[in-house]
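Notes for the one structure printed next.
In our numbering, the protein residues as written are 3 to 52.
Following this line, the structure appears as C-alpha coordinates:
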(Lines of atoms letter the chains of each structure in order from A and count residues from 1; the text may use other names and numbers.)
(Lines give C-alpha, C1' and ligand atoms only; values in the text may rest on other atoms or scores of the structure.)
Protein backbone atom coordinates (compact mmCIF):
# COMPACT_ATOMS: atom_id res chain seq x y z
CA UNK A 1 0.00 0.00 0.00
CA UNK A 2 1.31 3.44 -0.94
CA UNK A 3 1.17 6.17 1.68
CA UNK A 4 1.40 9.82 0.65
CA UNK A 5 2.37 12.94 2.59
CA UNK A 6 1.07 16.40 1.70
CA UNK A 7 2.51 19.41 3.56
CA UNK A 8 2.08 23.15 3.26
CA UNK A 9 3.50 25.97 5.35
CA UNK A 10 1.38 27.15 8.22
CA UNK A 11 -0.30 30.53 7.93
CA UNK A 12 0.38 31.17 4.24
CA UNK A 13 -3.20 30.64 2.96
CA UNK A 14 -1.99 27.50 1.22
CA UNK A 15 -3.94 24.32 0.66
CA UNK A 16 -2.65 20.79 0.33
CA UNK A 17 -5.72 19.76 -1.68
CA UNK A 18 -3.85 19.67 -5.01
CA UNK A 19 -1.02 17.66 -3.46
CA UNK A 20 -3.48 15.19 -1.94
CA UNK A 21 -5.28 14.82 -5.28
CA UNK A 22 -2.00 14.14 -7.09
CA UNK A 23 -1.02 11.56 -4.47
CA UNK A 24 -4.40 9.84 -4.80
CA UNK A 25 -4.04 9.83 -8.60
CA UNK A 26 -0.60 8.24 -8.15
CA UNK A 27 -2.20 5.37 -6.23
CA UNK A 28 -1.75 6.36 -2.59
CA UNK A 29 -4.39 4.70 -0.46
CA UNK A 30 -3.59 6.68 2.67
CA UNK A 31 -2.65 10.34 2.58
CA UNK A 32 -1.29 12.21 5.59
CA UNK A 33 -1.91 15.96 5.52
CA UNK A 34 -0.08 18.52 7.58
CA UNK A 35 0.41 22.26 7.94
CA UNK A 36 3.89 22.89 9.29
CA UNK A 37 6.68 25.39 8.85
CA UNK A 38 9.53 24.25 6.62
CA UNK A 39 12.02 25.27 9.30
CA UNK A 40 10.42 23.06 11.92
CA UNK A 41 11.53 19.44 12.38
CA UNK A 42 8.47 18.19 14.25
CA UNK A 43 6.13 16.43 11.84
CA UNK A 44 3.51 14.65 13.98
CA UNK A 45 1.53 13.29 11.02
CA UNK A 46 4.62 12.06 9.22
CA UNK A 47 6.04 10.33 12.28
CA UNK A 48 2.75 8.93 13.60
CA UNK A 49 2.47 5.14 13.41
CA UNK A 50 0.79 4.17 10.16
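The beta-carbon is built from N, C-alpha and C at its ideal position, and this holds for glycine as well.
Under a three-way DSSP split, which group does residue i fall into?
i: residue 32; result: strand
i: residue 21; result: helix
Assuming residue i and residue j are in contact, meaning their beta carbons sit under 8 Å apart, how far apart are those beta carbons, in whole angstroms?
i: residue 10; j: residue 47; result: Contact flag wrong, Cβ pair sits at about 12 Å.
i: residue 22; j: residue 33; result: 5 Å
Based on DSSP bridge pairs, tell me the residues matched to residue i.
i: residue 9; result: 36
i: residue 4; result: 30
Are the CB atoms of residue j and residue i within a distance shorter than 8 Å?
i: residue 35; j: residue 8; result: yes
Ordered along the chain, which non-local residues of its own chain (more than five positions away) have a Cβ less than 7 Å from that of residue i?
i: residue 16; result: 10
Spatial neighbours of residue i within its chain, please: C-beta separation below 8 Å, excluding the five flanking residues on both sides.
i: residue 28; result: 4, 6
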